[in-house]
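Novice: Below is one structure. I have some questions about it.
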Ligand SMILES: [Zn+2]
Ligand SMILES: [Zn+2]
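Numbering (this note's numbering), first residue to last: 21 to 160.
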């Protein structure tokens, strides 16, 4: 699967299958996405490669540790490595063509009142307790 930002400066490829997506409904993701949530998946570092534009990425870090990486040209959120792990966060709106269901909803306790979660995926009030297992759960 390939993905790119709105201006095509930043592009990347996911080299292995992905089995699920998650939506995070926390307030930070509401602001970052400008919408109800971020829809994303998490892939292993070995299964992710930049194609173009890696040096056109800027980032911002909140004191709490929340980090936003984005294209300097068009402002799109772009993938980033999760803290010190070997996993990459992939904002799925950038990916061109795929057929993968949302399997998990995070931070449902802080979702917007106008955010109607309409599928039957697993729901958590916040983050799952075992974060490492969560990161590893989207691929075989
Ligand atoms: Zn861009
Ligand atoms: Zn969030």
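We put the CB at the ideal spot given by N, CA and C, even for glycine.
Please state whether DSSP places residue 114 in a helix, a strand or coil.
Specialist: Of the three classes helix, strand and coil, the one that applies to residue 114 here is helix, per DSSP.
Novice: At a threshold of 7 Å, does residue 93 count as lining ligand 1 (C-beta to nearest heavy atom)?
Specialist: At least one heavy atom of ligand 1 is nearer than 7 Å to the Cβ of residue 93, so yes.
Novice: Assuming residue 77 is part of the beta strand (DSSP E), what are its boundary residues?
Specialist: Residues 77-81.
Novice: With contact counted as at least three CB pairs below 8 Å, one residue from each stretch, are the stretch 59-77 and the stretch 100-117 in contact?
Specialist: With a cut-off of 8 Å, the stretch 100-117 and the stretch 59-77 count as touching, because enough Cβ pairs lie within range.
Novice: Helix, strand or coil for residue 74, going by three-state DSSP, please let me know.
Specialist: In the structure shown, residue 74 sits in a helix (DSSP, three-state: H, G or I).
Novice: Report yes or no: do three or more beta-carbon pairs, one from the stretch 70-78 and one from the stretch 27-36, lie closer than 8 Å?
Specialist: At 8 Å Cβ cutoff, the stretches touch.
Novice: Give me whichever residues DSSP pairs with residue 43 in a beta bridge.
Specialist: Answer is 59 and 125.
Novice: Heavy atom of ligand 3 less than 7 Å from the Cβ of residue 100, yes or no?
Specialist: No copy of ligand 3 appears in this structure; the ligands present are ligand 1 and ligand 2.
Novice: Return the residue from the list 121, 130, 151 and 152 that minimises the CA-CA distance to residue 139.
Specialist: It is 121.
Novice: Can you name, in chain order, every residue of its own chain whose Cβ lies under 8 Å from the Cβ of residue 144, other than the five neighbours on each side?
Specialist: Contacts found: 124, 125, 126, 127 and 128.
Novice: Using a Cβ-based criterion (distance less than 7 Å to any ligand heavy atom), does residue 46 qualify as near ligand 2?
Specialist: True, at least one ligand heavy atom lies under 7 Å from that Cβ.
Novice: Please name the residue in 90, 113, 88 and 87 whose C-alpha comes closest to that of residue 42.
Specialist: Residue 113 is the option with its Cα nearest to residue 42.
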